[in-house]
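S.K.:
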Amino acid sequence: MESMYIHIPFCKSICSYCDFCKVLYHGPWIVKYLESLEKEIKNRYNGEVIKTLYIGGGTPSCLINRDLIKLMTIIKENVKLSEELEFTFECNLSDIDEQLLDVLKLYGVNRLSIGIESFNEKKLEFMERKCTYDEAEEKVKLIREKGFDNINFDLIYGIPNERVKDLKKDLELFLKLKPDHISTYSLIVEDNTKIAIKGIVPIKEDIDAKMYEYICEELDDKGYEHYEISNFCKNGKYSKHNLNCWNNEEYYGFGVGASGYIYGVRYDNTKSVTEYFKGNYLLRENFLSKEENMDNELMLGLRKIKGIYLPNFYKKFGVNIQDVYDLKNALKEKELIYKDDYLYVNPEYIYVMNEILIKIL
Ligand code: SF4
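Residue 281 is where the sequence shown starts when you use my numbering, and the numbers rise one by one after that.
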């Protein structure tokens, strides 16, 4: 186990599309939450050296300085961290200031993931988020001055009534800020979100596909490597933490609503903060069979543009992937490509990868 995820569920306001495990910011709860989190880590963590640590949310950057230092101290006192640690911290743009960056730097954070999502006023209004390009420019300048050289921006597209030209403008502004990594998300109308309750309908698939194609082409043109369906980076600055998940490797997940995969068991924590306070961390766990594990290896591995390294599949499961899954048709149709010991989705079909997987599985 080389990876650890810690979930901080607090947010200052709730976005219209949000399906993550989150609660409105409430100072006294944070103190209690951190106490529970420390207990959970002490209970479940077995002392492995951690190479990727990801603090996500919610909005971890909304913690006040005292609580943030408490969180970092819990980690420092309880978790063995590798000297080559990739330490990612999710931030909301408006929370970023010198004080926050100094604390993050002091405790070894070396990758910032910033939920910008868009600069388009209409899109932001729809998402119930706030952000301006000028603010982002000022904050990115400060981040660089503080010595952070690995920044991710999240971008959301496919908002109802969004046109390809709106996306173009958004991406142009994102690129002006020179992020090292960009994660893109097409809007999904998840059940029980504000937009689902309002009856919002997702954009048409052909427009969504055009937008995806535009993103891939434009980022390729600007020197970003497309290394996972929705993720792009420059200069080899992959998200090592996420690559660990796509490689179907194990990881700890701590905090309310977190998921983890340890010792062959996938688990989900409770989404109820009050249950979490009582120490009832676990919601469910699933002991994976070899078949389920192989299915996960296939589904996650094909998300990577490089695909699955077949000798590695054999090493893990003692069988050849072709003997488990009937890939003949997908290979014949050139939906999948087998080359140099890798099996990957033909880039021309990456947008319909799920349909390819359904046929195979
Ligand atoms: S999208 Fe992020 S910031 Fe918005 S409510 Fe959800 S967790 Fe909080």
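Think of the CB as a built atom: it goes at the ideal place given N, C-alpha and C, for glycine as much as any other residue.
Leaving aside the five residues before and after P459 along the sequence, list all residues of the same chain whose C-beta is less than 6 Å from its C-beta, in chain order.
M.R.: Residue numbering aside, residue 459 sits at position 179 when the sequence shown is read from its first letter. Answer for P459: I431 and F433, listed in chain order.
S.K.: CA-CA distance, S374 and G587?
M.R.: Looking up residue 374 in the sequence shown gives position 94. Looking up residue 587 in the sequence shown gives position 307. Using only the alpha carbons, I get a separation of about 37 Å.
S.K.: So which of K619, G598, V311 and M633 has the shortest CA-CA distance to I349?
M.R.: Translated into the one-based positions of the sequence shown, residue 349 becomes position 69. Selected option, being the one with the closest Cα: V311.
S.K.: Would you mind listing the beta strand (DSSP E) stretches within the stretch 448-526 that are 3+ residues and don't spill past its ends, in chain order?
M.R.: Here the runs fully enclosed are 461-466, 505-508 and 511-513.
S.K.: Between I495 and G307, what straight-line distance do the alpha-carbon atoms span, to the nearest angstrom?
M.R.: Counting from 1 along the sequence shown, the entry for residue 495 is found at position 215. Counting from 1 along the sequence shown, the entry for residue 307 is found at position 27. Spanning the two alpha carbons is a distance of roughly 39 Å.
S.K.: By Cβ distance below 6 Å, which residues in the same chain neighbour S316 in space, the five residues on each side in sequence not counted?
M.R.: Working through the sequence shown from its first residue, we reach residue 316 at position 36. Answer for S316: Y556 and F557, listed in chain order.
S.K.: Cα-Cα, which of Q379, K410, I585 and L455 is closest to Y507?
M.R.: For the purposes of this step, residue 507 is taken as residue 227 along the sequence shown, with counting starting at 1. It is I585 whose Cα lies nearest to the Cα of Y507.
S.K.: Does the distance between the C-beta of K551 and the nearest non-hydrogen atom of the ligand SF4 fall short of 7 Å?
M.R.: Residue 551 sits at position 271 when you count from the first residue of the sequence shown. Checking the Cβ of K551 against the ligand SF4 gives no.
S.K.: Shortest alpha-carbon distance to L582 belongs to which of Y532, L314 and L523?
M.R.: Taking the sequence shown and counting its residues from 1, one reaches residue 582 at position 302. Closest by alpha carbon: L523.
S.K.: Where does I437 sit, in a helix, a strand or coil, going by DSSP?
M.R.: Counting from 1 along the sequence shown, the entry for residue 437 is found at position 157. First, the amino acid is wrong: residue 437 is Tyr here, not Ile. Here Y437 sits in strand by DSSP.
S.K.: Quick check: is any heavy atom of the ligand SF4 less than 7 Å from the C-beta of C411?
M.R.: Here the question's residue 411 lines up with position 131 in the sequence shown. Checking the Cβ of C411 against the ligand SF4 gives no.
S.K.: Hey, could you find the ends of the alpha helix (DSSP H) M352 is sitting in?
M.R.: As a working mapping, residue 352 is identified with position 72 in the sequence shown. Per DSSP, M352 belongs to the alpha helix (DSSP H) from N345 to N358.
S.K.: Could you check which residue in L422, Y532 and V553 has the C-alpha nearest to that of Y543?
M.R.: Against the sequence shown, residue 543 aligns to sequence position 263. Closest option to Y543, Cα to Cα, is Y532.
S.K.: In three-state DSSP terms, what is D620?
M.R.: Taking the first residue of the sequence shown as 1, we reach residue 620 at position 340. DSSP places D620 in coil when its eight states are reduced to three.
S.K.: Compute the Euclidean distance between the alpha carbons of F367 and K612, then round it to the nearest angstrom.
M.R.: Residue 367 sits at position 87 when you count from the first residue of the sequence shown. Residue 612 sits at position 332 when you count from the first residue of the sequence shown. Taking the straight line joining both Cα atoms gives about 42 Å.
S.K.: Could you give the DSSP three-state label for M281: helix, strand or coil?
M.R.: Reading the sequence shown from its first residue, position 1 is the one you call residue 281. In this structure, M281 counts as coil in the three-state DSSP scheme.
S.K.: So is G438 buried or exposed if we call it buried at 16+ other beta carbons inside 10 Å?
M.R.: As a first step, residue 438 must be located in the sequence shown, where it is residue number 158. Classification for G438: buried.
S.K.: On the three-state DSSP scale, how would you describe E318?
M.R.: By 1-based counting over the sequence shown, the position of residue 318 is 38. Of the three classes helix, strand and coil, the one that applies to E318 here is helix, per DSSP.
S.K.: Could you tell me whether the Cβ atoms of T332 and C291 are closer together than 8 Å?
M.R.: Here residue 332 refers to the residue found at position 52 of the sequence shown. Here residue 291 refers to the residue found at position 11 of the sequence shown. Cβ distance not < 8 Å, so T332 and C291 don't count as in contact.
S.K.: Where does C342 fall in DSSP's three states?
M.R.: Stepping through the sequence shown from its first residue, residue 342 is reached at position 62. Correct three-state label for C342: helix.
S.K.: With respect to 7 Å, is the separation between the Cβ of V300 and the closest non-hydrogen atom of the ligand SF4 below this value?
M.R.: Within the sequence shown, the letter at position 20 stands for residue 300. The identity of residue 300 in the sequence shown is Phe, whereas the question assumes Val. Within the cutoff, so yes.
S.K.: Distance check for L457 and E401, CA to CA, integer angstroms please.
M.R.: In the sequence shown, counting from the first residue as 1, residue 401 sits at position 121. In the sequence shown, counting from the first residue as 1, residue 457 sits at position 177. For E401 and L457, the distance between alpha carbons rounds to 18 Å.
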